[in-house]
Structures are given as structure tokens and as C-alpha cells.
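Q:
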Amino acid sequence: LSIVLPTTRSPAPEPGRCILRLVRSGHCRPPGLISVTRHDWLAYASTAPQIRLDRLMFATSDRCTVVLGSPLPPLRGEYYWICNGIAAPVGFSWQPNLDASVVGDSFQLAEGDVALLFAEGGCSIIRSHQFVGASRSAVRLTEGMQA
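Using my numbering, you'd call the opening residue of the sequence shown number 65 and step up by one each time.
#1: Take the Cβ of R191 as the centre, count every other Cβ of all protein chains shown within 10 Å, and call the residue buried at 16 or more, exposed below.
#2: Counting pairs of beta carbons, one from the stretch 170-177 and one from the stretch 97-116, are three or more of them closer than 8 Å?
#3: Indicate whether L84 and L181 have their beta-carbon atoms separated by less than 9 Å.
#4: Is S99 helix, strand or coil when you go by DSSP?
#5: Would you list, in sequence order, the uninterrupted beta strand (DSSP E) runs of no fewer than 3 residues that lie entirely inside the stretch 111-162?
#6: Within 10 Å of its beta-carbon, does V203 have 16 or more other beta-carbons around it, so buried, or fewer, so exposed?
#7: For R204, which of helix, strand or coil comes out of DSSP?
#8: Assuming V87 is part of the beta strand (DSSP E), what are its boundary residues?
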């Protein structure tokens with residue numbers, strides 16, 4: 065009786081990384097997020113009916129304010145469509161054509177987080193705790209932030 069050992073196997077090579085980029089798309093998806101100036105958001109929220117604000121959340125920085133919800137306010141800004149926490153500008157899609165959940169996993173998004181992909185390249189991650197419900201008082205609190 066002889067013993068035959070299995071042949072030595074090497075581990076599978078690590079899959080290569082791919083670079084995600086935005087390209088123009090003929091598929092137009094409805095927007096779920098808008099990026100606006102803080103000034104425009106403050107002006108809108110100061111006069112909008114509360115019923116319109118109740119359906120919105122926002123996060124603000126020194127650069128811009130991101131408003132999430134539906135229906136979005138009729139403001140001048142950049143509109144984004146959202147899928148599984150990945151937000152791309154309306155009229156764009158990412159290449160390679162990966163499932164949004166795979167892209168979300170690569171950004172390590174938690175429930176409610178948003179990865180904002182910019183048409184000019186790069187991205188910004190907005191964590192769920194950075195979004196607050198839209199109300200006049202919450203918007204006014206951002207008025208004194210450094211611009």
C-alpha cells in the first residue's frame with residue numbers, strides 16, 4: 065500500500081484592482097440627490113412649506129450642501145441618481161459596469177452612507193450620521209458655518 069500526497073497548489077492570484085470612472089450614459093435615471101450652494105439651500109428652506117422639507121435630509125460642508133429625498137427641491141445645482149448608496153451625476157454611469165452593491169462594498173459603505181461620485185473625478189463619502197432631517201431650524205444652524 066502506498067500513500068499518494070496531493071500535488072502542491074499555489075493560491076489563486078489576487079484579482080487586480082480596477083479604476084472606476086464616470087462616462088456619459090444614454091440611460092437617464094431619476095435624481096434622488098442634489099448638490100447645491102449653502103446660500104441657495106438656505107434661501108429655499110427659509111420659504112418652502114414644511115411639508116416639502118419633511119421628505120428631505122441634508123448634509124452640509126464649507127463647499128456645498130447635499131440634499132437627499134423625493135421630490136427634490138427645484139434648485140440650481142447638480143442632480144445625482146442613487147443606487148445602493150452610490151450617487152452618480154444624472155446622465156452618467158460608472159465603468160466598468162459593476163453592480164452598485166460591489167461598488168458600495170469597495171467604499172465600505174454602511175447603511176445610509178452615500179458615496180458621491182464627481183463627473184470630474186474623485187468622490188466624497190457622506191456618512192449616515194452626517195445627514196439631518198430638513199427643517200428651518202436645522203438649516204439656520206448651518207448659516208453660521210465657515211464658508
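Beta carbons are placed, not taken as given, at the ideal position from N, Cα and C, and that holds for glycine.
A: To lay it out plainly:
#1: exposed
#2: no
#3: yes
#4: strand
#5: 120-124, 129-133, 142-147, 150-153, 156-159
#6: buried
#7: helix
#8: 85-88
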